[in-house]
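In the working numbering, the protein residues as written are 779 to 1040.
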């Protein structure tokens, strides 16, 4: 089914009732989607500082009160325990479980961070006539760990993750212009062209998501990605970190236009 014209509340209701279990790219056109990372309160300040120092991969849209699953700034009627199609549970850096609800995992000391997502800038790219390959081919966006080290903060450190979209060079230039206006959802690409320059030895070997074919005359275009906290979890190995599953995002009530610099 095409969910592009559904409202965020409608899609969240379908997710909560178990009727949607798929990547959210292309859903609720015009509304910001968000990555999520949940940590115990004792690590929340260090992570907030990490996000502040690494705004390209981790642009903060909302932070919940400790123990509250309600993102009051971005969707005050939502519940982060139920309104994302899939979640991942990391324990000591290992992804131990993937689940469709956080009901049995939620505790009163958890703090949730919502971070801007590149799916938000795909709508204006499509509106401008640019192809977004993973939407065309109906699969998850490809994502890679890089050799670009994030700026450390407290206990948090590790490599940046990027998402990739193949484009013709002229389209890539237009994509840079469009996404530069959207710094709260990763902004302009961090790299165009040779994957090896950012530590990706084989473009066909992904760390997250699904492969996109790079056709003749196209180049890979890489954006900083909000899956970076999952890479950080693998590096730092906190006792507990809960995240969205890559590509399965939280859909906010915030129009993308509010996150763009006009």
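Every residue, glycine too, gets a C-beta built ideally from N, C-alpha and C.
Using only the alpha-carbon positions, how far apart do residue i and residue j sit?
i	j	result
residue 823	residue 916	38 Å
residue 848	residue 856	6 Å
residue 839	residue 976	27 Å
residue 907	residue 804	14 Å
residue 985	residue 887	30 Å
residue 1051	residue 797	It is not possible to answer for residue 1051, since the shown part of the chain is limited to 779 through 1040.
residue 875	residue 845	21 Å
residue 802	residue 885	26 Å
residue 980	residue 973	8 Å
residue 964	residue 864	22 Å
residue 772	residue 809	In the structure displayed, the chain extends from 779 to 1040; residue 772 sits before or after that span and is not available.
residue 942	residue 998	6 Å
residue 833	residue 903	21 Å
residue 996	residue 819	45 Å
residue 821	residue 806	33 Å
residue 955	residue 990	22 Å
residue 843	residue 992	43 Å
With residue i and residue j assumed to form a contact (beta carbons below 8 Å), what rounded beta-carbon distance in angstroms separates them?
i	j	result
residue 924	residue 944	Contact flag wrong, Cβ pair sits at about 17 Å.
residue 861	residue 793	6 Å
residue 739	residue 813	The chain is shown only over 779 to 1040; residue 739 falls outside these bounds and no answer can be derived.
residue 828	residue 934	4 Å
residue 867	residue 1020	6 Å
residue 815	residue 1007	4 Å
residue 831	residue 929	4 Å
Might you give, ordered along the chain, the residues of its own chain that have their beta carbon closer than 6 Å to the beta carbon of residue i, omitting 5 neighbours on each side?
i	result
residue 1005	921, 939, 986, 1024
residue 899	957, 960, 963
Is the CB of residue i under 8 Å away from at least one CB in chain B?
i	result
residue 1023	Here chain B cannot be found, since the structure has a single protein chain.
Leaving aside the five residues before and after residue i along the sequence, list all residues of the same chain whose C-beta is less than 7 Å from its C-beta, in chain order.
i	result
residue 897	802, 803, 811, 1027
residue 1038	959, 960
residue 859	847, 879, 880, 881, 884
residue 919	803, 912, 941, 987, 1025
State yes or no: is the C-beta of residue i nearer than 7 Å to some heavy atom of the ligand MN?
i	result
residue 867	As presented, the structure is devoid of all ligands, the ligand MN included, so that no description of it is given.
Who are the near neighbours of residue i in its chain, counting only those whose CB is closer than 8 Å to its CB and skipping five residues on each side?
i	result
residue 748	The requested residue 748 is not part of the displayed model; the chain covers only 779 to 1040.
residue 1034	808, 809, 810, 898, 899, 901, 902, 960, 963
Alpha helix (DSSP H) runs wholly inside the stretch 991-1032, at least 4 long, in chain order: DSSP runs (the alpha helix (DSSP H)) wholly in the stretch 991-1032: 1006-1014.
Touch test, the stretch 892-906 against the stretch 1022-1039, Cβ-Cβ under 8 Å, three pairs minimum: They touch, by the three-pair rule.
Those runs of the alpha helix (DSSP H) which lie wholly inside the stretch 860-939 and span at least 4 residues: You should have 897-905, 911-914.
contact_flag[the stretch 873-886, the stretch 948-961] where n(CB pairs < 8 Å) is 3 or more: Taking 8 Å as the limit for Cβ pairs, the verdict is that the stretch 948-961 does not touch the stretch 873-886.
Cβ pair count under 8 Å reaching 3, the stretch 865-878 against the stretch 1015-1023: As far as the Cβ criterion goes, the stretch 865-878 touches the stretch 1015-1023, which means the pair count is three or higher.
Whole alpha helix (DSSP H) elements within the stretch 786-872, 4-residue minimum: Every alpha helix (DSSP H) stretch that sits fully inside the stretch 786-872 and reaches 4 residues is listed by chain position as 786-794, 819-831.
Alpha helix (DSSP H) runs wholly inside the stretch 936-988, at least 4 long, in chain order: Scanning the stretch 936-988 from its first residue to its last, the whole alpha helix (DSSP H) runs of 4-plus residues come out as 947-958.
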